[in-house]
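In the order they appear, the protein sequences are chains A and B.
Each step along the first sequence adds one to the number in my numbering, with nothing skipped, and position 65 is 65.
Each step along the second sequence adds one to the number in my numbering, with nothing skipped, and position 208 is 208.
For reference, the structure discussed in these notes is given below.
There are 2 protein chains.
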Amino acid sequence: MLPVVVVHGGAGHIPKERAENSTSGVCSAVRSAYLVLQEGGSSMDAVVEAVVQMENSPYFNAGCGSVLNVKGEVEMDAIVMDGKTLGSGAVSAVRNIANPVQLARLVMEKTSHACLTAEGASKFARSVGVPEVSQESLITEYSRMRWKKNLVPDANPVECQMGKMGTVGAVAVNKEGNVACATSTGGMLNKMEGRVGDTPCIGSGGYADNQSGAVSTTGHGETIMKVTLARLILFHMEQGQSAEAASDLGLAYMKSRVGGLGGVVTVDPQGNWAARFSSRQMSWAAAQNDTLHYGLYTGEHFRRSFSEQH
Amino acid sequence: MLPVVVVHGGAGHIPKERAENSTSGVCSAVRSAYLVLQEGGSSMDAVVEAVVQMENSPYFNAGCGSVLNVKGEVEMDAIVMDGKTLGSGAVSAVRNIANPVQLARLVMEKTSHACLTAEGASKFARSVGVPEVSQESLITEYSRMRWKKNLVPDANPVECQMGKMGTVGAVAVNKEGNVACATSTGGMLNKMEGRVGDTPCIGSGGYADNQSGAVSTTGHGETIMKVTLARLILFHMEQGQSAEAASDLGLAYMKSRVGGLGGVVTVDPQGNWAARFSSRQMSWAAAQNDTLHYGLYTGEHFRRSFSEQH
């Protein structure tokens with residue numbers, strides 16, 4: 001069963017013209033992360049590898065390709081959590097770096113803190129030698145077009161929002177049964193300056209505990225926070241629910257209690273996994289037993305052997 | 001049983017010379033908040049009233065009297081949560097405002113977001129007419145002395161930290177059975193610039209749900225986050241534990257699993273309440289049935305009738 005890695009490229013309504021790139025992006029990310037695990041890497045190495053790949057792709061709302069805030073700027077949030085120690089690291093509203101998930105990991109590893117925000121996060125990045133990149137290098141034509149479209153007075157923010165590529169994330173279990181999660185996002189289209197969503201908030205954007213499992217979430221941040229979705233799903237697993245049933249219970253509760261849609265990837269320490277969503281779509285992929293699993297619409301589950309592809 | 005309000009003035013080791021002011025501060029805060037409830041105010045009105053009072057007192061680590069970060073500056077975090085809607089508002093690393101808890105409430109009420117950070121929070125404050133105050137007005141002689149003491153090369157940060165006055169917070173249930181929580185803090189002594197602790201993180205610094213209860217936490221932020229302490233305690237209550245037993249279970253788990261000490265105030269929608277801590281001290285007070293309850297050391301529980309005092 002072990003190792004296993006599951007990634008998501010965001011829940012929501014993925015425009016047709018971007019669906020293929022989104023699917024190939026999650027498949028490529030999960031493949032790289034699986035290689036890390038096969039070579040004996042930690043689950044933290046694997047989830048960070050997967051998320052860095054998606055941050056670097058312009059087709060996801062994280063790193064390069066992030067949605068813009070109301071001022072037309074990129075501010076990003078990210079978190080990592082280590083299920084062995086319950087240690088976590090996060091950054092919120094950080095600018096001018098290519099890979100917020102790597103900076104979140106550095107917060108966990110190099111400081112006594114669990115979250116650094118805004119200018120404080122940038123100063124820390126400089127102090128540990130993380131290169132600064134220009135705002136322009138993070139902004140795609142597509143994200144600028146959508147920002148402008150949403151600024152016009154008669155824009156339908158809900159429609160624009162539903163067209164978004166959500167947050168990206170990953171969960172993994174390595175050969176030793178250690179779990180980890182990572183989540184990274186540009187946040188919400190046309191958000192206020194300084195808005196922090198669920199992603200860097202432990203228990204909402206992600207949670208990892210070797211005693212139960214790991215979850216990474218995606219969807220409307222403010223709604224996910226209301227139910228602390230990641231922690232909620234793991235509480236269900238602590239009470240004996242499977243990764244899949246617990247994920248469905250958490251998402252169903254979020255829908256019925258506060259009317260929110262979203263998606264999650266979940267693993268337990270034995271390697272059972274789930275990629276579940278209540279939104280119309282979520283690009284996801286998983287790798288286990290030399291098999292690639294992936295899907296985009298509800299009920300879709302494609303399988304391909306890794307060895308077939310070579 | 002209803003209404004009820006419970007406040008804490010922080011868990012930790014409270015220096016002798018400040019113990020009396022800390023106790024009188026929580027008693028005065030709880031009295032004002034109880035009056036709000038008796039006059040038919042909401043539980044949100046009550047918890048914000050209590051926390052504002054403690055932010056305005058120089059004897060607590062919140063608002064005026066906040067500990068200083070490594071640069072000698074005040075950066076504050078706060079959260080409020082409404083148990084009826086599960087809506088919340090928070091600010092993190094905010095500067096130059098007197099009452100972060102009020103700004104957190106404005107984030108909940110006036111924006112579509114749940115958290116604003118740093119300069120974005122300041123801009124929002126200006127846009128809604130919250131007056132800017134000077135750094136100096138938030139800094140006490142005492143907090144500057146402790147900051148300097150902790151900067152010297154042979155300082156014992158643990159000892160300095162234990163001398164801290166912790167985070168302040170409150171939980172309340174009004175006559176209709178609606179619960180709310182509020183928590184506010186200057187954070188950790190000599191923290192890095194931009195450090196965000198548990199306080200503004202939903203489920204860690206506080207959580208409120210009319211179906212189970214409300215919790216506000218205090219202690220070492222990074223440790224509280226590891227176990228999402230507020231949400232954990234409410235999960236125990238959802239499974240049938242009393243406010244007191246659930247609080248003890250949550251604190252005991254935090255101690256055994258990750259070696260952390262802290263304290264909480266907890267209510268359920270019926271008006272049962274608890275003020276529990278694993279640290280050496282926590283100043284706390286509660287008001288219910290025209291009776292003031294308060295204490296500082298483990299096992300201490302003083303009672304006084306409100307009518308007696310007039």
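Just so it is clear, CB atoms sit at the ideal spot from N, CA and C, and this is done for glycine as well.
On a predicted model such as this, the values are computed, not experimentally measured, just so you know.
Short CB-CB distance (under 9 Å) between residue i and chain B
i: ALA246/A; result: no
i: ARG18/A; result: no
i: MET237/A; result: no
i: ALA93/A; result: yes
i: ILE14/A; result: no
i: GLU75/A; result: yes
i: THR298/A; result: no
i: THR291/A; result: no
Same chain, Cβ closer than 7 Å to residue i, neighbours up to 5 away in sequence not counted
i: GLY213/A; result: VAL179, LEU234, MET237, ALA243, THR266, VAL267, ASP268, PRO269
i: SER122/A; result: VAL94, ARG95, ASN96
i: MET162/B; result: At MET162/B the pLDDT is 48, less than 50, meaning the model places this residue with poor confidence; the figure from the coordinates comes in the next sentence. Same-chain partners within the cutoff: GLY12, HIS13.
i: ASP248/A; result: ARG276
i: TYR294/A; result: THR23, VAL26, CYS27, TRP284, ALA285, PHE302
Cutoff 9 Å: residue i Cβ touching any chain A Cβ
i: ARG195/B; result: yes
i: GLY221/B; result: yes
i: LEU103/B; result: no
i: SER305/B; result: no
i: LEU86/B; result: yes
i: ARG231/B; result: yes
i: TRP255/B; result: Rather than Trp, the amino acid found at residue 255/B in this sequence is Lys. Chain A, which has no Cβ nearer than 9 Å to the Cβ of LYS255/B, makes this no.
i: THR218/B; result: no
i: VAL258/B; result: yes
i: VAL227/B; result: yes
i: PHE124/B; result: yes
i: TRP273/B; result: no
i: ALA78/B; result: no
i: ALA90/B; result: yes
Spatial neighbours of residue i in its chain, beta-carbon cut-off 8 Å, leaving aside the 5 residues before and after
i: MET54/B; result: VAL7, GLY9, GLY25, VAL26, ALA29, PHE60, ALA62, GLY63, VAL168, SER184
i: LYS175/B; result: LEU2, PRO3, LEU37, GLY40
i: ALA245/B; result: HIS236
i: ARG126/B; result: GLU132
i: THR291/B; result: ARG303, ARG304, SER305, PHE306
i: LYS71/A; result: GLU193
Helix, strand or coil at residue i according to DSSP, with G and I counted as helix
i: ALA116/B; result: First, the amino acid is wrong: residue 116/B is Leu here, not Ala. The answer is strand: DSSP assigns LEU116/B an E or B state.
i: ASP248/B; result: helix
i: GLN53/B; result: helix
i: PHE60/A; result: coil
i: HIS236/A; result: helix
i: GLY263/B; result: strand
i: ASP198/B; result: coil
i: GLY213/B; result: strand
i: ALA208/B; result: strand
i: SER307/B; result: helix
i: GLY219/B; result: strand
i: GLY166/B; result: coil
i: ALA224/B; result: In the sequence on display, residue 224/B carries Ile and not Ala. Of the three classes helix, strand and coil, the one that applies to ILE224/B here is helix, per DSSP.
Close Cβ partners of residue i (< 6 Å) along its chain, the five nearest in sequence each way excluded
i: SER92/A; result: ASP77, THR117, VAL196, PRO200
i: SER22/A; result: GLY9, ILE14, TYR59, SER283
i: ALA11/B; result: GLY166, THR218, GLY219, GLY262, GLY263, PHE277, SER279, MET282
i: ASP82/B; result: MET44, ALA180
i: VAL314/B; result: Since the first and last residues shown for chain B are 1 and 310, residue 314/B lies out of range.
i: GLN288/B; result: VAL4
i: GLY221/A; result: GLY197, ASP198
i: SER42/B; result: ASN174
Per DSSP, cross-strand counterpart(s) of residue i
i: ASP77/A; result: THR185/A
i: MET311/B; result: Any answer about residue 311/B is impossible in this case: the structure gives chain B only from 1 up to 310.
i: PHE302/A; result: TYR294/A
i: GLN288/B; result: VAL4/B, THR291/B
i: PHE277/A; result: GLY263/A
i: ALA98/A; result: None, per the DSSP bridge assignment.
i: ASP82/A; result: ALA180/A
i: GLY89/A; result: VAL80/A
i: VAL173/B; result: VAL4/B, VAL179/B
Task: Selection of the segment 160–192 of chain A by Cβ proximity to chain B, strictly under 9 Å - done: Taking 9 Å as the Cβ-Cβ cut-off against chain B, the residues of the segment 160–192 of chain A that qualify are MET188, LYS191, MET192.
Open item on the list: Can you pull out the residues from the segment 106–120 of chain B whose beta carbon lies closer than 8 Å to at least one beta carbon of chain A?
Closed with: When C-beta distances to chain A are compared with 8 Å, the residues of the segment 106–120 of chain B below that value are THR111, SER112, HIS113, ALA114, CYS115, LEU116, THR117, ALA118, GLU119, GLY120, in chain order.
Task: the segment 57–73 of chain B: positions lying closer than 9 Å to chain A by Cβ - done: Those residues of the segment 57–73 of chain B placed with their C-beta closer than 9 Å to a C-beta in chain A are ASN69, ordered along the chain.
Task: Contact list for the segment 197–213 of chain A against chain B, Cβ threshold 7 Å - done: Cβ contacts with chain B: CYS201, ILE202, GLY203, SER204.
Task: Members of the segment 134–153 of chain B that neighbour chain A once the beta carbon cut-off is set at 9 Å - done: Look at the segment 134–153 of chain B: it has no residue with a C-beta under 9 Å from a C-beta of chain A.
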